[in-house]
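Undergrad: Residue numbers (my numbering): 82 to 218.
Dropping the structure here:
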C-alpha cells in the first residue's frame, strides 16, 4: 500500500510540482506517516498536502478543480474511467492523466526458460507487495 503511493508522489515532487496526495482510504494511516517522514527529511510543507478521505466523497471535487495540473491514479478501471470523464469535462486546459488499473498479466514461458527461475519469478510477482501491484501475475 505504500510503494505505488510514494512512487507517484515523489515522481511529481522531483519533477518540480506541488502535490495534493489522496491515498486509498484503506491506507491513509501509512500514507500520513510517509508524508510526515518526507517533511521531517526536509521537503517544504507547502509542496505536499495529504488529503485523506473516501474517493466517492472527495474525488470529483479534487479532479474537477481548475488548479489541478495532472492526475496519477492507481485503482479500479471503473474509477479511472470516471476520473477521465471528469477531467474531460473541466473548463480548464487538458491535463495529463496516468492511470494504473486492474492488471491482467500473463507470463510466457518457452523451452529455453530455466524452471527454477520461472518458479522464483512467478512467486515473487504473485506475492511481492502482497499481490497488490497491477503488474503482479
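Even glycine gets a Cβ: it sits at the ideal position worked out from N, Cα and C. These numbers come from a predicted model, not from an experiment.
Is the stretch 111-120 in contact with the stretch 140-155, if contact means three or more CB pairs nearer than 8 Å?
TA: The stretch 111-120, when compared against the stretch 140-155, does not touch it at the 8 Å Cβ threshold.
Undergrad: What's the gap between the Cα of residue 79 and the Cα of residue 86?
TA: Coverage of the chain is limited to positions 82 through 218, which leaves residue 79 absent and any answer about it impossible.
Undergrad: Out of 111, 93, 124 and 106, state which residue places its alpha-carbon closest to the alpha-carbon of residue 140.
TA: As a position in the chain shown, residue 140 is number 59, starting the count at 1. Of the listed residues, the one whose Cα sits closest to residue 140 is 106.
Undergrad: To the nearest whole angstrom, what separates the beta carbons of residue 129 and residue 90, a pair I think is in contact under 8 Å?
TA: For the purposes of this step, residue 129 is taken as residue 48 along the chain shown, with counting starting at 1. For the purposes of this step, residue 90 is taken as residue 9 along the chain shown, with counting starting at 1. Right, their Cβ atoms sit about 7 Å apart.
Undergrad: My parser needs the beta strand (DSSP E) runs of 3 or more residues fully inside the stretch 143-203; what are they?
TA: Whole beta strand (DSSP E) segments, 3+ residues: 152-156 and 178-182.
Undergrad: Check whether the Cβ atoms of residue 101 and residue 143 lie closer than 9 Å to each other.
TA: For this step, residue 101 is matched to residue 20 along the chain shown. For this step, residue 143 is matched to residue 62 along the chain shown. Contact flag set, yes.
Undergrad: In the DSSP assignment, what residue or residues form a beta bridge with residue 131?
TA: Along the chain shown, read from residue 1 onward, the residue named residue 131 stands at position 50. Answer by DSSP bridge pairing, in chain order: 102.
Undergrad: May I ask which residues mark the beginning and end of the alpha helix (DSSP H) holding residue 86?
TA: Numbered from 1 along the chain shown, position 5 holds the residue referred to as residue 86. Residue 86 -> alpha helix (DSSP H) spans 84-95.
Undergrad: Specify, as a first and last residue, the run of the alpha helix (DSSP H) that residue 112 falls within.
TA: Start at 1 with the first residue of the chain shown, and residue 112 comes out as number 31. Here the alpha helix (DSSP H) through residue 112 covers 109-121.
Undergrad: Leaving out five residues before and five after residue 135 in sequence, what residues of the same chain have Cβ atoms less than 8 Å from its Cβ?
TA: For this step, residue 135 is matched to residue 54 along the chain shown. Answer for residue 135: 106, listed in chain order.
Undergrad: Short of 7 Å in beta carbon distance, which residues of its chain neighbour residue 224, apart from the five on each side in sequence? Order them along the chain.
TA: The structure shown does not extend to residue 224, since the chain is modelled only from 82 through 218, so no value can be given for it.
Undergrad: By a C-beta neighbour count over all protein chains shown, 10 Å radius and 16 as the cutoff for buried, is residue 104 buried or exposed?
TA: Walking along the chain shown from the start, residue 104 turns up at place 23. By the 10 Å Cβ count, residue 104 comes out buried.
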